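Student: Protein chains in written order, with the working numbering: chain R, 77 to 454; chain V, 77 to 454.
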């Protein structure tokens, strides 16, 4: 069976995602579409608006055949680490084609990545404290490979290509335009509202008709929503009581931010206010938000390292076609395939300990168990 | 000037406390009554119902001349450690008389303590896992010194005596009956409702007329109240996200309780329910509540050790007589006398870092700054 992979967040799943899944299938003539999807926390540093099961189900009923969880240790990371976690999961599942939407489908991403790798500036640790890391990275890219684009999906595509090179996995890239082509351009474009706009509509209780597949509208209306408004009190408490040494153990902590965070938290009443207080020229909002989330989840460097050394493929669901594919590959997988989560895995030293730690907060808010004993969606 | 000391919590200050302060003064013919009072957290493992400034002010207007804060690292401890923290603060202030109410004022506490120390059973580390530490201690006391009393104030008096011996400080003990004597027995007895009963009345909005000095009734009515209902969500969050290794660093943690606590928290909706779930024959409710509070405050063994090595005398307030006394002793004090708290002291490595950590939560709830820049009450 021919498989194509996608790395996604579906936060939440909307019409543009359905279009992308169909595009990936058509472009590669694949029999099966395998998605590695962020679990309950996403790359921009916040809980996904709906839990991972709701989002996986939406994907499975709109074009995906298999949904595998991208664990929090891989999802709440800068683009390069996020991409590596996704690519390595797909490769472990013997998927050798990766499709992704981008503003620039005409470029050769692997070739660009090779130029960057050859000049060794993929992770330069820039020392200019007056600019964000992203700004400096873009400048270096422009210098080395003539890359002057900074569109987010283009940058993510480049991260996928770099991950393929770094991991040395056989993976062909299939970039595609994010807008539709042909006669119904207009209509599809209208449907391609960003996930961010969909979230805003949902949070404010406004209708999402036309931008979300019709059958999902009533599903979304009934689901508990998650966001920083619920997590901020925990962040505040944690910053007020944590030891500096403990904060330094949190993944993605950078020198000095532990002081800045603990000093600025007292007067902040919500996440927006807090981020404004800690913002500097050196760090983007996304970077700071991810760090704040890592603190709230107590996602330590040790937990991230452990997850990298003991990768798991937690199956959230599959279609009959997806099941068939899993049967063909399941005996020669690089990582364990988890179809039912046991108490052992969730225990403090279990392989899913960090996922459990993070997901307990989702359960505490929404009352829905996220791991223990939950079978894959079929 | 002749000084008498008391170690107290005033949670909250009531008529019985006014009686005790007067009794201490009369019994010792003291010019000045020095109180070492628990700060915002008390020995039974919870926040005091009113903050330390409200309670200090009540004491200063009803018989105390000086109120010094017993820091959280000394207050939220078993009786022996609580007593040591209090006795050492009084001794540092050159107070050599300690008065305390007890069910058995006729006994010689120092003599009893000497018998216990001589037989080396003051901290026996009992190995019977089917009984609480307190029960086993009482049995040992009965065997060694014929002590069959287990009344709480008697036991605390014994802890004071043991602290005096352990610290080798010159301190005379003045036990007195907790009930009044003479013709107005009846009336005083009626006024001696326990602090626990007063708290219950206050929490339920019931009148405290007659059991609290009349002028305090309106004061109490206007103050924010603190309790486990506000702290429980923090405990729950912390237990759901803490690393076991982090929990093991919490002061008074005992082998195995970190598992029990993290396992039992998910289904608990309030502190009472949680305590029922974790209760065993081995530990008293007070012991478990203190541990839960230490976890919530992130009061680590390191923080307690540091506080013991760098003791401070934080002055919450004084009367003119109290001020006169402080003037006579301030140049030869064993510990620093803090009359105004600076930002340095509250900083992460400052001498009041743990106090600040704990008190930030009080400020987060009640909106009243507890340390920075607050002068002593006069």
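Here a beta-carbon is modelled for each residue, glycine too, at the ideal position from N, C-alpha and C.
The model shown is predicted, which means the values in this text are computed figures rather than measured ones.
1. In angstroms, rounded to a whole number, what distance separates the CA positions of residue 100 of chain V and residue 395 of chain V?
2. Can you pull out the residues from the region 432 to 452 of chain R whose beta carbon lies closer than 7 Å to at least one beta carbon of chain V?
3. Considering residue 114 of chain V, what are the terminal residues of the beta strand (DSSP E) in which it resides?
4. With a cut-off of 8 Å on the beta carbons, I'd call residue 337 of chain R and residue 344 of chain R a contact; round off their distance for me.
5. With a cut-off of 8 Å on the beta carbons, I'd call residue 177 of chain R and residue 252 of chain R a contact; round off their distance for me.
6. Less than 8 Å between the CB atoms is what I'm expecting for residue 171 of chain V and residue 110 of chain V, so what's the real figure, rounded?
7. Check whether chain R comes within 8 Å of residue 420 of chain V, counting only Cβ atoms and requiring the distance to be less than that.
8. Taking all protein chains shown into account, decide if residue 131 of chain R is buried (16 or more other Cβ within 10 angstroms of its Cβ) or exposed.
9. Which one or two residues does DSSP pair with residue 251 of chain V in a beta bridge?
10. Is it buried or exposed, residue 331 of chain R, if we count other Cβ atoms within 10 angstroms and call 16 or more buried?
11. So what does DSSP say about residue 308 of chain R, is it helix, strand or coil?
12. Under a CB-based cut-off of 8 Å, is residue 229 of chain V close to chain R?
13. Applying the criterion that 16 or more other CB atoms from any shown protein chain within 10 Å of the CB defines a buried residue, is residue 194 of chain V buried or exposed?
14. Determine the direct distance from the alpha carbon of residue 223 of chain R to that of residue 215 of chain R, and round the result to whole angstroms.
15. I need the straight-line Cα distance from residue 385 of chain R to residue 147 of chain R, nearest angstrom please.
16. Within its chain, find whatever has a CB closer than 6 Å to the CB of residue 218 of chain R; leave out the 5 residues flanking it on each side and keep chain order.
17. At a CB distance below 8 Å, what residues from the region 341 to 375 of chain V approach chain R? Give them in sequence order.
18. Using a cut-off of 7 Å between C-beta atoms, extract the partners of residue 320 of chain R located in chain V.
19. Taking the alpha carbon of residue 271 of chain R as the reference point, which residue from R:439, R:430 and R:92 has its own alpha carbon closest?
20. Can you give me the Cβ contacts of residue 310 of chain R inside the same chain, cut-off strictly under 8 Å, excluding the 5 residues immediately before and after it?
21. Should residue 128 of chain R go down as buried or exposed, given a rule of 16 or more other Cβ atoms within 10 Å for buried?
22. Output, in chain order, the set of chain V residues within a Cβ distance shorter than 7 Å of residue 250 of chain R.
23. Look up residue 421 of chain V in the DSSP assignment and say whether it is helix, strand or coil.
24. Taking just the CA atoms, how far does residue 382 of chain R sit from residue 166 of chain R?
25. With DSSP run on the structure shown, which of helix, strand or coil describes residue 285 of chain V?
26. Rounded to a whole number of angstroms, what is the C-alpha to C-alpha distance between residue 442 of chain V and residue 313 of chain R?
27. Compare the beta carbon distance of residue 376 of chain V and residue 115 of chain V with 8 Å and say whether it is the shorter of the two.
28. Which residues of the region 276 to 303 of chain V have a Cβ closer than 7 Å to any Cβ of chain R? Give them in chain order.
29. Would you please state the rounded distance, in angstroms, between the beta carbons of residue 117 of chain V and residue 152 of chain V? I believe it to be under 8 Å.
30. If I measure Cβ to Cβ from residue 452 of chain R and keep anything under 7 Å in the same chain, skipping five residues before and after, which residues do I get?
31. Which same chain residues, not among the five before or five after residue 320 of chain V, have their C-beta less than 8 Å away from its C-beta?
32. Give the secondary structure of residue 183 of chain V by DSSP, where H, G and I count as helix, E and B as strand, and everything else as coil.
33. Is the shortest distance between the beta-carbon of residue 310 of chain R and the beta-carbons of chain V less than 8 Å?
34. Rounded to whole angstroms, how far is the Cβ of residue 155 of chain R from the Cβ of residue 360 of chain R, which I believe are closer than 8 Å?
35. Are the CB atoms of residue 88 of chain V and residue 126 of chain V nearer to each other than 8 Å?
36. Rounded to whole angstroms, what's the CA-CA distance from residue 355 of chain R to residue 341 of chain R? Just pull it up for me.
Tutor: Looking at the coordinates:
1. Here the question's residue 100 of chain V lines up with position 24 in the second chain. Here the question's residue 395 of chain V lines up with position 319 in the second chain. Each residue's Cα considered, the two are about 17 Å apart.
2. Near chain V, meaning a CB-to-CB distance below 7 Å, the residues of the region 432 to 452 of chain R are 433, 436, 437 and 440.
3. Residue 114 of chain V sits at position 38 when you count from the first residue of the second chain. Counting along the chain, residue 114 of chain V sits inside the beta strand (DSSP E) bounded by residues 108 to 114.
4. For the purposes of this step, residue 337 of chain R is taken as the residue at position 261 of the first chain. For the purposes of this step, residue 344 of chain R is taken as the residue at position 268 of the first chain. Incorrect: roughly 10 Å between the Cβ atoms, too far for contact.
5. Reading the first chain from its first residue, position 101 is the one you call residue 177 of chain R. Reading the first chain from its first residue, position 176 is the one you call residue 252 of chain R. With a contact defined as Cβ atoms closer than 8 Å, residue 177 of chain R and residue 252 of chain R qualify at about 6 Å.
6. As a working mapping, residue 171 of chain V is identified with position 95 in the second chain. As a working mapping, residue 110 of chain V is identified with position 34 in the second chain. Correct: roughly 5 Å between the Cβ atoms.
7. Here residue 420 of chain V refers to the residue found at position 344 when the second chain is read from its first residue. Interface criterion not met: the Cβ of residue 420 of chain V is under 8 Å from no Cβ in chain R.
8. By 1-based counting over the first chain, the position of residue 131 of chain R is 55. By the neighbour-count rule (16 or more Cβ atoms within 10 Å), residue 131 of chain R is buried.
9. The sequence position of residue 251 of chain V within the second chain is 175, counting from 1. For residue 251 of chain V, which the question treats as bridged, DSSP gives the partners V:176.
10. By one-based count along the first chain, residue 331 of chain R stands at place 255. With fewer than 16 other CB atoms across the displayed protein chains lying within 10 angstroms of its CB, residue 331 of chain R is exposed.
11. Locating residue 308 of chain R in the first chain gives position 232, where the first residue counts as 1. Residue 308 of chain R falls in the helix class under three-state DSSP.
12. As a working mapping, residue 229 of chain V is identified with position 153 in the second chain. Contact with chain R is absent for residue 229 of chain V, since none of that chain's Cβ atoms lies less than 8 Å from the residue's Cβ.
13. The sequence position of residue 194 of chain V within the second chain is 118, counting from 1. That one is exposed.
14. As a first step, residue 215 of chain R must be located in the first chain, where it is residue number 139. As a first step, residue 223 of chain R must be located in the first chain, where it is residue number 147. Cα to Cα, the separation comes out at about 9 Å.
15. For the purposes of this step, residue 385 of chain R is taken as residue 309 along the first chain, with counting starting at 1. For the purposes of this step, residue 147 of chain R is taken as residue 71 along the first chain, with counting starting at 1. Inter-residue distance for residue 385 of chain R and residue 147 of chain R is about 13 Å (C-alpha atoms, whole angstroms).
16. As a position in the first chain, residue 218 of chain R is number 142, starting the count at 1. When the five nearest sequence neighbours on each side are left out, the beta carbons in the same chain lying within less than 6 Å of the beta carbon of residue 218 of chain R are those of 224, in order along the chain.
17. Cβ contacts with chain R: 342, 372, 373 and 374.
18. As a first step, residue 320 of chain R must be located in the first chain, where it is residue number 244. Under the 7 Å cutoff, chain V gives 424.
19. As a first step, residue 271 of chain R is located in the first chain; it is residue number 195 there, counting from the start. Checking every option, the nearest Cα to that of residue 271 of chain R belongs to R:92.
20. Residue mapping note: residue 310 of chain R aligns to position 234 of the first chain, counting from 1. The answer, listed in chain order, is 372 and 437.
21. Here residue 128 of chain R refers to the residue found at position 52 of the first chain. With a 10 Å radius around the Cβ and a threshold of 16 neighbouring Cβ atoms, residue 128 of chain R comes out buried.
22. Stepping through the first chain from its first residue, residue 250 of chain R is reached at position 174. Correct list: empty, because the minimum Cβ distance to chain V is about 39 Å.
23. Position 345 of the second chain, counting from 1, holds the residue named residue 421 of chain V. In the structure shown, residue 421 of chain V adopts helical secondary structure according to DSSP, grouped into three states.
24. In the first chain, counting from the first residue as 1, residue 166 of chain R sits at position 90. In the first chain, counting from the first residue as 1, residue 382 of chain R sits at position 306. Spanning the two alpha carbons is a distance of roughly 19 Å.
25. Stepping through the second chain from its first residue, residue 285 of chain V is reached at position 209. Reduced to three states, the DSSP call for residue 285 of chain V is strand.
26. For the purposes of this step, residue 442 of chain V is taken as the residue at position 366 of the second chain. For the purposes of this step, residue 313 of chain R is taken as the residue at position 237 of the first chain. Pairing residue 442 of chain V with residue 313 of chain R, the inter-Cα distance amounts to about 14 Å.
27. If you number the second chain from 1, residue 376 of chain V lands on position 300. If you number the second chain from 1, residue 115 of chain V lands on position 39. The Cβ atoms of residue 376 of chain V and residue 115 of chain V lie no closer than 8 Å to each other.
28. Listed by position, the residues of the region 276 to 303 of chain V near chain R (Cβ gap below 7 Å) amount to none.
29. Position 41 of the second chain, counting from 1, holds the residue named residue 117 of chain V. Position 76 of the second chain, counting from 1, holds the residue named residue 152 of chain V. Taking a contact as a CB-CB distance under 8 Å, the pair residue 117 of chain V and residue 152 of chain V counts as one, their CB atoms being some 5 Å apart.
30. Locating residue 452 of chain R in the first chain gives position 376, counting from the first residue. Cβ within range, chain order: 391, 392, 393, 394 and 415.
31. Here the question's residue 320 of chain V lines up with position 244 in the second chain. Apart from the 5 residues on each side of it in sequence, residue 320 of chain V sits with its Cβ closer than 8 Å to the Cβ of 334, 335 and 338 in its chain, given in chain order.
32. Counting from 1 along the second chain, the entry for residue 183 of chain V is found at position 107. Judged by DSSP in its simplified three-state form, residue 183 of chain V adopts coil rather than helix or strand.
33. Sequence index remark: in the first chain, residue 310 of chain R carries index 234 (1-based). Answer yes: the Cβ-Cβ gap between residue 310 of chain R and chain V drops below 8 Å somewhere.
34. Residue mapping note: residue 155 of chain R aligns to position 79 of the first chain, counting from 1. Residue mapping note: residue 360 of chain R aligns to position 284 of the first chain, counting from 1. Not really, about 11 Å apart at Cβ, beyond 8 Å.
35. For the purposes of this step, residue 88 of chain V is taken as residue 12 along the second chain, with counting starting at 1. For the purposes of this step, residue 126 of chain V is taken as residue 50 along the second chain, with counting starting at 1. Going by C-beta atoms, residue 88 of chain V is nearer than 8 Å to residue 126 of chain V.
36. Mapped onto the first chain, residue 355 of chain R falls at position 279. Mapped onto the first chain, residue 341 of chain R falls at position 265. Near 12 Å, if we compare the C-alpha coordinates of residue 341 of chain R and residue 355 of chain R.
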